[in-house]
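In UniProt numbering, the protein residues as written are 1 to 442.
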């Protein structure tokens, strides 16, 4: 809610004409919102006048403006952030000029033609408590890169180059635009790279300069990748060193890069194969899974490749419905050992948040292989409630998937309380399902 004084405006004198001092001038305007509300824009088109933009402390304002604050209400300590505001100031008018205030804190795209329409919409933050300081745990970044990152370098014709070829190394994370906030957190944590629009509904985090790529190399040297993607990284690192030493400007160095590229990601394009038919190909580094290094790696990897799924179907024994939950991760068959390792990792946990210590049933099957894919699936409600949910309550997933986890947890609690067996409870679960995963608005 907005709070200001209720007294009527006071008449004041300017240099030549009378003007109106707004009743809230010099007071603090406070906008109290839940911590999960993402966009709040207030204001309207008013009497035309000169608009000045102020960013100042309360003691500096006098009668020229007011300071606005966000007070975030949640169980955590309150965080107060001053926001910049715009207001109409000065000029002559027979009628009192109206205050225009546009709150711009926490909002990237605030220049909307009809701001008042935004008040009818709700937007939810997809940043979990582990990112409260706008930074991520470094192991989270590695886990997320294992799921969504890409190490590559482009080799394209360039008539201006001495060798007629241009080499561009890249580290990229490409996501749906709904998870833009994750890329912002990664960028804020690593303090390098840029975020660019890529197509209609996707954005990508890109690091491409040699200086900034060194930060990426240093990160993954200290917090190494776990999946088979580490082989791509090792090739990329060799390429980076060649480029860093400017050896790619020689014919020998360029041929070495092309040989390395043949084993990176999808290999050489047809045009490169045609241009360099006799290049010596390089074998891909052999991959061997070691271990799961850190719980935040699991959180990051799950934020990319994990799934919290709710299923409702007709019961085979009666006219009611059967409600089930599934936590799953699906990977390429080459990463089967990663899922086996993750299964073993969950069995070694000692979670401080719960007195119940549970291990996954070793006689049950959790990892399934099919053609070129492998899946980890945990569906037993006791294992979900006493192991998986407590784990991700401590080591949070990020992005829109955090909202899926919140709904997943809510339904799990309802199943334990047997609320899913009532008409009212089932209707609530149906409503939750209709707004989860791909059905969720953003």
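From the three backbone atoms N, C-alpha and C, an ideal C-beta is built for every residue, glycine too.
With 16 other CB atoms within 10 Å as the buried threshold, where does residue 409 fall? buried
Among 312, 231 and 368, the one whose alpha carbon lies nearest that of residue 339: 368
Between 440, 441, 407 and 439, which has its C-alpha nearest residue 429's C-alpha? 407
Taking the alpha-carbon of residue 228 as reference, which of 286, 371 and 386 has the nearest alpha-carbon? 286
Report buried or exposed for residue 454, applying the criterion of at least 16 other Cβ atoms within 10 angstroms of its Cβ. Since the displayed the chain opens at 1 and closes at 442, residue 454 lies outside it and no answer follows.
Are residue 398 and residue 306 close, meaning C-beta to C-beta below 9 Å? Against a cut-off of 9 Å, the Cβ pair of residue 306 and residue 398 comes out as no contact.
Host beta strand (DSSP E) of residue 155 (start-end): 149–157
Residue 298 and residue 395: beta carbons closer than 9 Å? If you check the CB distance, residue 298 and residue 395 come in under 9 Å.
Can at least three beta-carbon pairs, one atom from the segment 232–252 and one from the segment 192–199, be found at a separation below 8 Å? no
Please state the DSSP three-state secondary structure of residue 306. strand
Using 10 angstroms around the beta-carbon of residue 295, count the other beta-carbons present and answer buried if the total reaches 16, otherwise exposed. buried
Assuming residue 141 and residue 219 make a contact with CB atoms under 8 Å, what is their CB distance in whole Å? 7 Å
Taking the beta strand (DSSP E) that residue 169 belongs to, which residues open and close that run? 165–176
With a cut-off of 8 Å, do at least 3 Cβ pairs link the segment 263–273 to the segment 319–333? no
Residues sharing a beta bridge with residue 322, DSSP: 313
In three-state terms, what does DSSP make of residue 444? There is simply no residue 444 to check, as the chain begins at 1 and stops at 442 in what is shown.
Alpha carbons only, please: which of 263, 313 and 373 is nearest the one belonging to residue 328? 373
Does DSSP classify residue 377 as helix, strand or coil? strand
Leaving out five residues before and five after residue 360 in sequence, what residues of the same chain have Cβ atoms less than 8 Å from its Cβ? So the qualifying residues of the chain are 343, 346, 347, 366, 378, 383 and 387.
Look at the alpha carbon of residue 314 and the alpha carbon of residue 425, and state the distance between them as a whole number of angstroms. 16 Å
When burial is assigned at 16 or more other CB atoms within 10 Å of the CB, is residue 267 buried or exposed? So residue 267 ends up on the exposed side.
Straight-line Cα distance separating residue 423 from residue 173: 44 Å
Beta-carbon gap between residue 175 and residue 182 smaller than 9 Å: yes
DSSP state of residue 211 mapped onto helix, strand, coil: helix
Run of the beta strand (DSSP E) containing residue 196, from where it starts to where it stops: 194–197
Considering only residues of the same chain and omitting the five flanking positions on each side of residue 435, which have a CB-CB separation below 8 Å? 407 and 441
Limits of the unbroken beta strand (DSSP E) element including residue 368: 367–370
Inside the segment 235–295 only - alpha helix (DSSP H) runs reaching at least 4 residues: 251–261 and 270–275
Cα-Cα separation, residue 309 to residue 256: If you take the alpha carbons of residue 309 and residue 256, they lie about 46 Å apart.
Quick one, are the C-beta atoms of residue 223 and residue 293 less than 9 Å apart? yes
What is the rounded straight-line gap between the Cα of residue 177 and the Cα of residue 187? 15 Å
Quick check on residue 203: does DSSP put it in helix, strand or coil? strand
State the DSSP-derived secondary structure class of residue 427, mapped to helix, strand or coil. helix
Whole-number beta carbon distance between residue 264 and residue 206, since they are thought to touch under 8 Å: About 17 Å; that fails the 8 Å criterion.
Give the DSSP bridge partners of residue 327, in chain order. According to DSSP, residue pairing for residue 327 in a beta bridge involves 308 and 378.
Just list the residues that DSSP pairs residue 332 with in beta bridges. 373
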